[in-house]
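Take the sequence shown: its letter number 303 is residue 351 in the numbering used here, and every next letter is one higher.
Ideal placement from N, C-alpha and C gives every residue a C-beta, glycine not left out.
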Amino acid sequence: MSYAFSTSGHGRGGRLSAAARRLALPALLALVGILVFGWATPARADTVSEIANGLRTSKLYVSSEAQGVLSGPAQDQVRRALNGADHTDIRVVVTKAGADRQALGEMLNGVRQRVGKGDTYVAVTADDKMVGISKEFSATEINQLISQASGGDVTTRLVKFTQLADAKAADKAASSRNSMFVGLGVLVLIVAGVVGLVAVAQKRRKVRDAQQMAELKEGVEEDVTSLGEDIAALDLKVTDPALAAETRDDYTRALDSYDRAKAAAETARRPDDMRGVTTALEDGRYYMTAVRARIAGDPVPERRAPCFFNPQHGPSVQDVPWAPPGSAPRSVPACAADTQAVLNGMAPDSRLVPVGGARRPYWEAGPAYAPYAGGYYAGYGGMDILGPILIGTALGSMLGGGFGGFGGMGGGLADGGGDVFGGDGGDIGGGWDFGSGDFGGGDFGGGGDF
49 MSYAFSTSGH
59 GRGGRLSAAA
69 RRLALPALLA
79 LVGILVFGWA
89 TPARADTVSE
99 IANGLRTSKL
109 YVSSEAQGVL
119 SGPAQDQVRR
129 ALNGADHTDI
139 RVVVTKAGAD
149 RQALGEMLNG
159 VRQRVGKGDT
169 YVAVTADDKM
179 VGISKEFSAT
189 EINQLISQAS
199 GGDVTTRLVK
209 FTQLADAKAA
219 DKAASSRNSM
229 FVGLGVLVLI
239 VAGVVGLVAV
249 AQKRRKVRDA
259 QQMAELKEGV
269 EEDVTSLGED
279 IAALDLKVTD
289 PALAAETRDD
299 YTRALDSYDR
309 AKAAAETARR
319 PDDMRGVTTA
329 LEDGRYYMTA
339 VRARIAGDPV
349 PERRAPCFFN
359 PQHGPSVQDV
369 PWAPPGSAPR
379 SVPACAADTQ
389 AVLNGMAPDS
399 RLVPVGGARR
409 PYWEAGPAYA
419 PYAGGYYAGY
429 GGMDILGPIL
439 IGTALGSMLG
449 GGFGGFGGMG
459 GGLADGGGDV
469 FGGDGGDIGG
479 GWDFGSGDFG
489 GGDFGGGGDF
């Protein structure tokens, strides 16, 4: 049997067979790969939550997109450096190339919020870009550390950055301690100075108060003595049967008032104690004036407030216009003699008291004389009547005029699949500074702290 073949057709068929044989094996291998492994899917970006979960247990996280950046031994070397840092806690994320600084900053901030611990967070890209956020270092300091650690591969750079940051943290801690000690020393000196000043002031105040009390007591005792002498000048015998009962009663009241005033003056220890003394003196002055009137056969005088110019003069007889130097006139109660002196343009017989080794009217004396004056007017409205009179005087000014002391990063990245990092980065803040490092320096966003 014989066969006939077409030369041209035989050549064409041979070439087709050869091409088919060349393509058959790759196609078969591709089919087997698809059947065994399935269709390949693009690599998914790690979410913020996934990165944070990894950094809770390890200070280094290498994202799934950057697995080829650090070998296993290199990762161990970086972790040893991070764990060996004694003065600061640094957490590192190694991620893919091409991420911009804003996305890295937002990712780091979102991670640190979820981790809840660590002092500094650093991100390094596969193309050797580095940024960081820190609550321990300022943005300027982060950028300096990133710059100083540049050069070499990623492993060398991370190890050097960690060592430099740990040393800087140690220096800052030592400086802070020194500043604290200096501050404490200054504080101790300030406290000691304040205590010393307070002690000196208290000592001076005690000396001043003691002097004022001594002068006040001297003046009050003069008033007590004056009343006693005036009562004694009456030369009355209470037992005299010829003495009228009303005269005897008023005389007895005058003597009792004198005794109360004298006893109160002897036991007085503070200016306020003098109020009771002068209240008793005012009683005694009135009853002695009443006794004089009864003996002379004159009407018993109306009981009015004592003479403002000199309470030793006894009850006032009328009010007269009077003004302290440079102040407006006001009505003041005055005895008969002082009334005539004022109305005639003459100076009244003012009660002069010892003040600072000199004598001056009691209303121009120190504040210690406030209770002294108040006691004399206790039965006549107290400061309601005396307060307006003293306005413009030294005593009134020292009492304040009111006499109150008398009496008294941007988010929006959904967790699980953003274009760069999944999860919400949030605003960088709460004392954390952002250093953009290899991206050009300066604070992220141009605003300094976040």
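- Taking 8 angstroms as the cut-off, the beta carbon of residue 125 is found no closer than this to the beta carbon of residue 110.
- Annotation for residue 378: the continuous beta strand (DSSP E) segment containing it runs 378-382.
- If you check the CB distance, residue 434 and residue 413 do not come in under 8 angstroms.
- DSSP, read as helix, strand or coil, puts residue 241 in helix.
- In the DSSP assignment, residue 366 falls within the unbroken beta strand (DSSP E) covering 366-370.
- DSSP places residue 311 inside the alpha helix (DSSP H), whose first and last residues are 293-315.
- In this structure residue 159 is buried. Its beta-carbon is surrounded by 16 or more other beta-carbon atoms within 10 angstroms.
- Remark: three or more beta-carbon pairs, one from each stretch, lie closer than 8 angstroms, so the stretch 420-431 and the stretch 316-331 are flagged as touching.
- Boundaries of the beta strand (DSSP E) harbouring residue 401: 400-403, taken from the DSSP string.
- Of the residues assessed, residue 366 falls on the exposed side of the cut-off, its CB having fewer than 16 other CB atoms within 10 angstroms.
- Per the DSSP secondary-structure output, residue 142 pairs in a beta bridge with 110 and 172.
- Of the candidates 127, 271, 285 and 334, 271 places its Cα closest to the Cα of residue 314.
- Of the residues 250, 390, 386 and 418, the one whose Cα lies closest to the Cα of residue 401 is 418.
- For the pair residue 117 and residue 174, the CB atoms are nearer than the 8 angstroms cut-off.
- About 6 angstroms separates the beta carbon of residue 177 from that of residue 487, a gap short enough to meet the 8 angstroms contact definition.
- The residues 334 and 363, in chain order, have a CB closer than 7 angstroms to that of residue 351 in the same chain once the five nearest residues on each side in sequence are set aside.
- Residue 255 sits in a helix when the DSSP states are folded into three classes.
- If you ignore the 5 residues before and after residue 170, its C-beta comes within less than 6 angstroms of the C-beta of 140 and 180, all in its own chain and listed in chain order.
- Membership of residue 483 in the beta strand (DSSP E) is indicated by the continuous run 481-483.
- Going by C-alpha positions, residue 244 is about 42 angstroms away from residue 398.
- Burial state of residue 228 is exposed, judged by a 10 Å Cβ sphere holding fewer than 16 other Cβ atoms.
- Residue 375 carries a coil assignment under DSSP once its states are collapsed to helix, strand and coil.
- Counting C-beta atoms within 10 angstroms of its own C-beta, residue 223 has fewer than 16 neighbours from the protein chains shown and is therefore classed as exposed.
- Between residue 94 and residue 119, the gap from beta carbon to beta carbon reaches 8 angstroms or more.
- Beta-bridge annotation (DSSP): residue 409 is paired with 400.
- Each of 359, 130, 250 and 390 was checked against the Cα of residue 371, and the nearest Cα belongs to 390.
- The three-state reading of DSSP puts residue 394 in coil, since its state is none of H, G, I, E or B.
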